[in-house]
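Below is one structure, written out as structure tokens; the observations come after it.
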Amino acid sequence: MSVAACRWPVSTLVLTLLLTGLAGWVSVNGLRINTSTTDMIAPEVPFRRDAEAYRQAFPFLDDQIVVVVDSPSPERSDAAAQRLAELMRGQAQALSDIEVPSADPYFRRNGLLFLDPPDLQDLATRLAGAQAALGTLNEAPNLRGLAGMFGTVLEHAGEDAPAALSDLLDRLAEATEGVASGTPQPVSWVALVKLHDEERFGNRRFVTAQAVLADTAFGRGRPSLDAVRRSIEALKGEPDGGGVTARVTGAIALRQTELDTVADTAWIATVLSFILVTAVLVTGMRSGRMIAAMMITLMLGLTLSAGLAAVTVGRLNLISVTCAVIFFGLGDDFGSHLGLRYQEELRRGLPLRAAVIEAARGVGPPLVLSTVCAIIGFLSFVPTEYLGLAEFGVISALGMVVALVISLTLLPALFVLLRPGPGVVRVEREDRAYAAWMTRHNGALLALTALTVLGSLAALPRVRLDVNPLNLQDRRTEAVSTYRDLAEVPRTSPYAVNVLQPDLAAAQALSDRLRTDGQVGGVRTFTSFVPKEQDAKLPIVADMALLLGPGLAAPAEPVPLTPAGRADAVVTLRADLSRFAVGSDGSVETRTAAGRFAEALGRVPGSETALAALDGALTGGVPPLLDRLRAGLEVERPVTAGDVPDSIRRRWIAPDGRARVEVLPTHDISDSRDMARFATAVLAVAPHATGAPVTVTQAGRIVLRAFTEATALTLVLIAAVLLVVQRSLSGVVLILVPLAVAALWTVAVAGLLDIPFNFANVIVIPLLFALGVASSIHMVARGQELERAGTSGANYGVELLITSTPLAVLVSTLTTSTAFATLAISNHRGLSSMGILLAVAILFTIISALLVLPSLMIGWHRWTRRRTPADGPTSPTRR
Numbered sequence: 024m025s026v027a028a029c030r031w032p033v034s035t036l037v038l039t040l041l042l043t044g045l046a047g048w049v050s051v052n053g054l055r056i057n058t059s060t061t062d063m064i065a066p067e068v069p070f071r072r073d074a075e076a077y078r079q080a081f082p083f084l085d086d087q088i089v090v091v092v093d094s095p096s097p098e099r100s101d102a103a104a105q106r107l108a109e110l111m112r113g114q115a116q117a118l119s120d121i122e123v124p125s126a127d128p129y130f131r132r133n134g135l136l137f138l139d140p141p142d143l144q145d146l147a148t149r150l151a152g153a154q155a156a157l158g159t160l161n162e163a164p165n166l167r168g169l170a171g172m173f174g175t176v177l178e179h180a181g182e183d184a185p186a187a188l189s190d191l192l193d194r195l196a197e198a199t200e201g202v203a204s205g206t207p208q209p210v211s212w213v214a215l216v217k218l219h220d221e222e223r224f225g226n227r228r229f230v231t232a233q234a235v236l237a238d239t240a241f242g243r244g245r246p247s248l249d250a251v252r253r254s255i256e257a258l259k260g261e262p263d264g265g266g267v268t269a270r271v272t273g274a275i276a277l278r279q280t281e282l283d284t285v286a287d288t289a290w291i292a293t294v295l296s297f298i299l300v301t302a303v304l305v306t307g308m309r310s311g312r313m314i315a316a317m318m319i320t321l322m323l324g325l326t327l328s329a330g331l332a333a334v335t336v337g338r339l340n341l342i343s344v345t346c347a348v349i350f351f352g353l354g355d356d357f358g359s360h361l362g363l364r365y366q367e368e369l370r371r372g373l374p375l376r377a378a379v380i381e382a383a384r385g386v387g388p389p390l391v392l393s394t395v396c397a398i399i400g401f402l403s404f405v406p407t408e409y410l411g412l413a414e415f416g417v418i419s420a421l422g423m424v425v426a427l428v429i430s431l432t433l434l435p436a437l438f439v440l441l442r443p444g445p446g447v448v449r450v451e452r453e454d455r456a457y458a459a460w461m462t463r464h465n466g467a468l469l470a471l472t473a474l475t476v477l478g479s480l481a482a483l484p485r486v487r488l489d490v491n492p493l494n495l496q497d498r499r500t501e502a503v504s505t506y507r508d509l510a511e512v513p514r515t516s517p518y519a520v521n522v523l524q525p526d527l528a529a530a531q532a533l534s535d536r537l538r539t540d541g542q543v544g545g546v547r548t549f550t551s552f553v554p555k556e557q558d559a560k561l562p563i564v565a566d567m568a569l570l571l572g573p574g575l576a577a578p579a580e581p582v583p584l585t586p587a588g589r590a591d592a593v594v595t596l597r598a599d600l601s602r603f604a605v606g607s608d609g610s611v612e613t614r615t616a617a618g619r620f621a622e623a624l625g626r627v628p629g630s631e632t633a634l635a636a637l638d639g640a641l642t643g644g645v646p647p648l649l650d651r652l653r654a655g656l657e658v659e660r661p662v663t664a665g666d667v668p669d670s671i672r673r674r675w676i677a678p679d680g681r682a683r684v685e686v687l688p689t690h691d692i693s694d695s696r697d698m699a700r701f702a703t704a705v706l707a708v709a710p711h712a713t714g715a716p717v718t719v720t721q722a723g724r725i726v727l728r729a730f731t732e733a734t735a736l737t738l739v740l741i742a743a744v745l746l747v748v749q750r751s752l753s754g755v756v757l758i759l760v761p762l763a764v765a766a767l768w769t770v771a772v773a774g775l776l777d778i779p780f781n782f783a784n785v786i787v788i789p790l791l792f793a794l795g796v797a798s799s800i801h802m803v804a805r806g807q808e809l810e811r812a813g814t815s816g817a818n819y820g821v822e823l824l825i826t827s828t829p830l831a832v833l834v835s836t837l838t839t840s841t842a843f844a845t846l847a848i849s850n851h852r853g854l855s856s857m858g859i860l861l862a863v864a865i866l867f868t869i870i871s872a873l874l875v876l877p878s879l880m881i882g883w884h885r886w887t888r889r890r891t892p893a894d895g896p897t898s899p900t901r902r
């Protein structure tokens, strides 16, 4: 190939350009990115089949956007969530099925029946004691009604006044102080009455929506997410939008965030690796024309590889998206060895074309062998169930074939056309000094290597595997931070496990079994939305309706309170509070709270605006409380499954009658080890369970198994290929032992730096063998070449280390390490850890190839020379 390319360099260049143009068009139109870590596992794996069955039964849960709404009070959160839903419904081109689950009238109407009987009875007792106060507020839900209420309550507040009174006064005082300081915070009357379970619901509400996905490779979820964010901005711009936060998360937000991070990283790392590789080549080659030829070859080769990837695989995943960086890092290896050997031949006096051909003949066989070994390493994941790495392996293997072919065709043709010189003459004295030092101290270096191997073995227990895909993403992004925030509370945890059952009866039976497990914090089915113990609750509600109903009857439209009326109400309220605070009625806590409230009222400016703000802060939450009470007291008969609305039913019962069981953890299980314990416990009872904990745990086992199988397969096949080519067991051992040492060092560093192996960086060890073997092959091949030329004795080590091969190994591996290191800048933790560990691994191969391997070769050569008669050089077949 090289001879033909040198004979017809222009034709070679034109043909390559035509093929590159075609490949570029194919890649632009055919490649897409999929960052789903679940899709990186083969679809026929059992847990993938279970997940797909669940998705088919409840498809709307897959492409969901979740907006988490928080505010200082439940009432404001309710209002903000419903208003946001209205705004989102105006984005019908990008969003559908917008819902506020907590705002369903079913829960408003039957909310009292979802309280436990003791809690409901306690509520009834408290409301009975506040009957008069509620009636007063019902007639005038404003400052005037509040003043009238306290006029009655404080007059009859003896030593047996409820503790809730001091709590109410304190909360009203706090809200008043906020108005006085210009930061009003409304009082939540619903929370005061404890009409809802604050520990379970608090002030958080959710708005859910289905994304209308775009038909684009890189931003399918972006239009929907942009629509949500426009709605959030509109909400914040409204008068009641202050103090409300709305954060976006969910499957679509997480996927799009990861896709954007990965895509940005891929482009930045590709450009940066190109620049850094060029800088390293400038230092090593010292020939501008040669470097230009190599970089042109790399750019055209990358385009050809992308075209082949589009035709064969059609998509890039979380790992294969780094193929451009890997191509730059590895593709220049071929050019480095060819270029430096070409410079060496020029210095020996060969003419340019002959120097190119001789260089290609000299480095061609080792390049082919190292390419075969690299392809073996890349394809070692294909037989495993780790589909993501199989796709990466296919794309990278094709890239290595492209790199080899163009390095032996296009690059020689460009050398002929550009006519690069031999570069700046290097000082051989420095090389000889290094070679002599290595020859003298090879024994000490081998001893030091043995000590580091023992130290690395001691660090292995610190190595761990973390395959939680969320831990790969940038924690600072809104989607990820919100997801983690939800995971801290078991009830809202996105790490729920779901089980698909044939019918509701089977679902209920399974839920009863699961509740007994210590790893399970809660279980929900469709029946969870039908109130329990209604026989005990309905009489309590009936009594409450009989006692409170007349006073809570919806009044006629209340007359708005005038500014003068507000001022009078404040004066009256403050006077009653001050009188009570200095009196002897009530407890000390209640009098202290009353005094604090009166003092705060005195600090509120008398302006119309300030008094209106005070009215809203103190009594704005009264109407929602009264509405909730009126709706809850209307329940007269038991609620049945038939009363549950379809909006809830469809989330728990599929159209074919299958029912789902949702299993919640007892605590935050973001840590992979906690997640595995939870998933294992559920799977022991329900083997076909699915959900994030199951997929993460099962995928982790597959990744670990794939890693083991791929590493073993890589070693066995590379050893077999080397044995066939080398025809010498000692040569194979010399090539592989330094790589094993480098692999052990790399794993130890991962443990010491607490860099867990994950979906992305698990490729490091197989790639270390696949890529690092090239350096060892070139060194051993050059040593064998010297032996065949008759070099022996003390001259062997020196002559080996002053050739162009060590420099070529250094330059090629430095460019590879530099290219991989650019991934470390990524905000995506998976890609960042991959870049760090790959850079570390390749740097260790440099040390192994230029220190450990020469020491082994020199020691082996000396030992074989002592055992071989001194009548001639040792034949490679006799070693």
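FYI, in the numbering used here the residues of the sequence shown are 24 to 902. Where is the CB? At the ideal position from N, CA and C, for every residue including glycine.
| Item | Value |
| --- | --- |
| Rounded to whole angstroms, how far is the Cβ of T734 from the Cβ of P789, which I believe are closer than 8 Å? | 5 Å |
| Using the three-state DSSP reduction, which class does F404 fall into: helix, strand or coil? | coil |
| Checking the sheet assignment: what are the DSSP bridge partners for D93? | R227, T268 |
| F229 to D93, Cα distance in whole Å? | 9 Å |
| Would you kindly check if the distance between the Cβ of E685 and the Cβ of N491 is under 7 Å? | no |
| For the stretch 660 to 671 and the stretch 506 to 523, state whether three or more C-beta atom pairs, one from each stretch, are separated by less than 8 Å. | no |
| Counting along the chain, where does the alpha helix (DSSP H) carrying V251 start and finish? | 245 to 259 |
| Spatial neighbours of G265 within its chain, please: C-beta separation below 8 Å, excluding the five flanking residues on both sides. | K259 |
| If you draw a straight line from the C-alpha of V448 to the C-alpha of R309, how long is it? | With a pLDDT of 49 at V448, under the threshold of 50, the modelled position of this residue cannot be trusted, and the question is left open. |
| Please return the same chain residues whose Cβ sits closer than 7 Å to the Cβ of G644, not counting the five positions on each side in sequence. | S96, E98, P209, V210, S211, W212, V213 |
| Under a Cβ-count criterion, where at least 16 other Cβ atoms within 10 Å of its own Cβ denotes burial, should V450 be classed as buried or exposed? | Bear in mind that a pLDDT of 41 at V450, under 50, signals an unreliable position, so the number given afterwards is only what the model happens to contain. Its Cβ having fewer than 16 others within 10 Å, V450 is exposed. |
| Am I right that F792 and T737 are in contact with their C-beta atoms under 8 Å? What's the rounded C-beta distance? | 5 Å |
| Assess contact between the stretch 387 to 402 and the stretch 426 to 441, defined as three or more Cβ pairs (one per stretch) separated by less than 8 Å. Is contact present? | yes |
| Within the same chain, show all residues whose beta-carbon is closer than 7 Å to that of G714, passing over the 5 residues directly before and after it, in chain order. | A519, V520, N521 |
| What number of angstroms, rounded off, separates the C-alpha of V658 from the C-alpha of R132? | 7 Å |
| Using the rule of at least 16 other Cβ atoms within 10 Å of the residue's Cβ for burial, across every protein chain shown, is R452 buried or exposed? | Its pLDDT being 44, under 50, R452 is placed unreliably by the model, and nothing is read from it. |
| Mark I418 as exposed unless 16 or more other C-beta atoms lie within 10 angstroms of its C-beta, in which case mark it buried. | buried |
| DSSP three-state label for V522, please. | strand |
| Could you name the residues that DSSP lists as bridge partners for E685? | N521, R547 |
| Alpha helix (DSSP H) containing D120: first to last residue? | It is not in any alpha helix (DSSP H) - D120 instead sits in the beta strand (DSSP E) that spans 118 to 122. |
| Suppose the cutoff is 8 Å on Cβ atoms and the five residues either side in sequence are ignored; what does the same chain contact list for P388 look like? | A804 |
| Is it the case that the Cβ atoms of V202 and L637 are separated by a distance below 7 Å? | yes |
| Note down the Cα distance separating V37 from S328, rounded to an integer number of angstroms. | 18 Å |
| Using DSSP with H/G/I as helix, E/B as strand and the rest coil, what is T500? | coil |
| For N52, count neighbouring C-beta atoms within 10 Å of its own C-beta (all shown protein chains included) and say buried if the count is 16 or more, exposed if not. | exposed |
| So, G385 versus R370, is the Cβ gap smaller than 7 Å? | no |
| What residue range does the alpha helix (DSSP H) around S34 cover? | 32 to 53 |
| Quick check on A27: buried or exposed, where buried means 16 or more other Cβ atoms within 10 Å of its Cβ? | exposed |
| Please determine, among I725, G723, V756, R724, the residue with the shortest C-alpha to C-alpha distance to V739. | V756 |
| Please go through the same chain and pick out, in chain order, the residues whose beta-carbon is closer than 6 Å to the beta-carbon of A147, but skip the five residues on each side of it. | I563, M567 |
| Throw me the rounded Cβ distance for the D86 and L248 pair, which I believe falls under 8 Å. | That pair is no contact at about 12 Å. |
| Hey, quick one: how far does the alpha helix (DSSP H) through E622 stretch, first residue to last? | 611 to 626 |
| What does I56 pair with, by DSSP beta-bridge criteria? | L339 |
| Please classify W48 as buried or exposed, where buried requires at least 16 other C-beta atoms within 10 Å of its C-beta. | exposed |
| Going by beta carbon distance, what residues of the same chain come within less than 7 Å of A151, once the five residues before and after it are set aside? | L570 |
| Rounded to the nearest angstrom, how far is the Cβ of L434 from that of A316, given a contact under 8 Å? | 6 Å |
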